[in-house]
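Residues 217 to 469 (the numbering used here) make up the sequence shown, in order.
All remarks here apply to the structure that follows.
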Amino acid sequence: MVRKTLIAGNWKMNGLLEDGIALAKGVAAEAKKAARKDCEFLICPPFTLLTSAKKAIKGSRVLLGAQDCHFDGKGAHTGDISPLMLKDLGCQYVIVGHSERRTDHHESNELIAKKAAAAINAGLKVIICIGETEAEKDAGKTIDVCTAQIMGSVPEIATASNVVIAYEPVWAIGTGRTPTAAEVEEVHAAIRKVIGKKLGRANANKMRILYGGSMKPSNAKELLALPDVDGGLIGGASLKVADFMAIGEACKQ
Ligand code: 13P
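Below, the structure is given as structure tokens:
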């Protein structure tokens, strides 16, 4: 089963106009030179940079995504952004259910599923994030937690063409620590099985599952070579053009 590798940068709450535009331009220019023509590059800047990033990557192969959305198309939701607005702006992707939103904004699986369904209906592809905390890992609950998150936060209308799963162990985000390659493969294979139960075998075989959490040039090759790892969701290392592109060059042939 060939699944197109996705190298996605989640910029989080980083970037003012000048450095954000420079970063987007840098990624676009390097992506043109990149030897790998068969993987997707995606940048997910903060909302404030989406319009300028869109201009900066124009004409390149780099795709644009946002980091969150509301589940309504429009209306009285002060401070929120709808999937339709993101689509209108030229986004192809949106991330939902990142652990930072699950924690900082108390987002539930149910809410995340609603956001994901709304984004799909607006014509966006959705990256749904899941992953266990350190305490859950230590208690041997990684697979149980990921299973519950998939069952609860992946909407019924999800298919391999409109949803990507990102497995991000919470304890690995921004810490420099990662699970071993064997642990990553075990969890990804388990996630694929759960997707199979929920959405059928065909979707499970085709759906991309990204790894996220301290992915960097030095560990990308080993992680991206794993059979059930179909790309990366990269935080810190996506803020440096050279690091982000080096991860892109490390993906499997
Ligand atoms: P880091 O790559 O900084 O660990 O962040 C991962 C992440 O949360 C991407 O969504």
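Each residue gets a CB set at the ideal place from its N, CA and C atoms; glycine is no exception.
Check                                                                                                          : Outcome
Cβ neighbours of Glu465 in the same chain (closer than 8 Å, five flanking residues each side left out)         : Ala250, Ala251 and Arg252
4-residue-minimum alpha helix (DSSP H) runs that sit fully inside the stretch 237-291, ordered along the chain : 266-272
Proximity of Lys357 and Phe287 at Cβ, strictly below 7 Å                                                       : no
Continuous beta strand (DSSP E) assignments of at least 3 residues falling wholly in the stretch 366-419       : 379-383
Any non-hydrogen atom of the ligand 13P closer than 6 Å to Asn230 Cβ                                           : no
The stretch 273-292 / the stretch 254-261 touching (three or more Cβ pairs under 8 Å)                          : yes
Asp425 - partner residues in DSSP beta bridges                                                                 : Per the sequence presented here, residue 425 reads as Ile, with Asp not at that position. For Ile425, which the question treats as bridged, DSSP gives the partners Ile381.
Integer-rounded CB distance, given that Ile463 should sit under 8 Å from Ile178                                : Because the chain in this structure spans residues 217 to 469, residue 178 falls outside the shown range and cannot be described.
Any non-hydrogen atom of the ligand 13P within 6 Å of Leu449 CB                                                : yes
Beta-carbon gap between Ala388 and Thr396 smaller than 7 Å                                                     : no
Val342 - partner residues in DSSP beta bridges                                                                 : Val310 and Val379
Stretch-stretch touch, CB-based, cutoff 8 Å, three pairs: the stretch 412-421 with the stretch 442-457         : no
Residue environment, Lys274, which counts as buried when at least 16 other CB atoms sit within 10 Å            : exposed
Rounded separation between Gly306 and Thr391 - CA only                                                         : 33 Å
Inter-residue Cα distance where the pair is Lys248 and Ser276                                                  : 7 Å
Inter-residue Cα distance where the pair is Ala355 and Pro443                                                  : 26 Å
Length of the line joining the Cα atoms of Thr294 and Ala398                                                   : 44 Å
Buried or exposed (CB count within 10 angstroms, at least 16 for buried), Asn226                               : buried
For Thr363 and Glu401, the rounded distance between their alpha carbons                                        : 15 Å
First and last residue of the uninterrupted beta strand (DSSP E) at Asn226                                     : Leu222 to Asn226
CB contact flag (Gly428, Val386, <7 Å)                                                                         : no
Own chain, CB closer than 7 Å to Ile373, minus 5 neighbours either side, in chain order                        : Ala333 and Ile336
As assigned by DSSP and simplified to three states, the class of Ile359                                        : helix
Cβ-heavy atom distance, Ser430 to the ligand 13P, below 6 Å                                                    : yes
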